[in-house]
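Undergrad:
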Amino acid sequence: MRKKEREIKDKAILEQLLMQSRICRLGLFDGQWPYVVPVNMGYEPGRIYFHSSKKGKKMDILRANPNVCFELDADVEIVTGDRPCDWTTYYKSIIGFGTAVILEDEAEKLAGLKVIMRRHGGPADGFKPEVVPVTAVVRIDIASMTGKANPPHGEWD
59 MRKKEREIKD
69 KAILEQLLMQ
79 SRICRLGLFD
89 GQWPYVVPVN
99 MGYEPGRIYF
109 HSSKKGKKMD
119 ILRANPNVCF
129 ELDADVEIVT
139 GDRPCDWTTY
149 YKSIIGFGTA
159 VILEDEAEKL
169 AGLKVIMRRH
179 GGPADGFKPE
189 VVPVTAVVRI
199 DIASMTGKAN
209 PPHGEWD
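Numbering (this note's numbering), first residue to last: 59 to 215.
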């Protein structure tokens, strides 16, 4: 990271950001072009979960190449100024890399869906039994991630 003073090194702050961010953007590669897609996600230490239709471009790419990049951000604010160089952006962000695993076991899929629901503050129980078999649930095993922030007044959380 070029601007070391903006690096988030505290794992607790990184985990807080993973819980605070509303959307995760996945970077995939189909062999010719990068493909970025936003997903709702759930997080537990070392893992990100998201759900999807079983069919579609995202799932086709993941079946062919499970290596992913992910990005999350929070507290994004454009700060204006009198001159162009007085403008800035406040933010907290994470960029990470991992391996996507398409879950097949119904119990694992249900556990992943519960992680997603808890993350968003919704009920984690009461899934319709017919929904789980027709839903794709993907777990990303996080290999590495880095955080970066430009918070107002040097505040980190």
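Yeah, the Cβ is synthetic: ideal placement off N, Cα and C, and Gly gets one too.
Less than 8 Å between the CB atoms is what I'm expecting for N125 and T157, so what's the real figure, rounded?
TA: Indeed, because the Cβ distance is near 6 Å, the residues count as touching under 8 Å.
Undergrad: Are there 16 or more other CB atoms within 10 angstroms of the CB of V137, so buried, or fewer, so exposed?
TA: exposed
Undergrad: Only counting runs of 3 or more residues, tell me where the beta strand (DSSP E) segments fall wholly within the region 118-145, in order along the chain.
TA: 125-137
Undergrad: DSSP on P103, reduced to helix/strand/coil?
TA: coil
Undergrad: Could you tell me the boundaries of the alpha helix (DSSP H) in which V173 lies?
TA: E164 to R177
Undergrad: Would you tell me roughly how many angstroms separate the C-alpha atoms of K172 and A165, rounded to the nearest one?
TA: 11 Å
Undergrad: Can you tell me whether G179 is buried or exposed, with buried defined as 16 or more other CB within 10 angstroms of its CB?
TA: exposed
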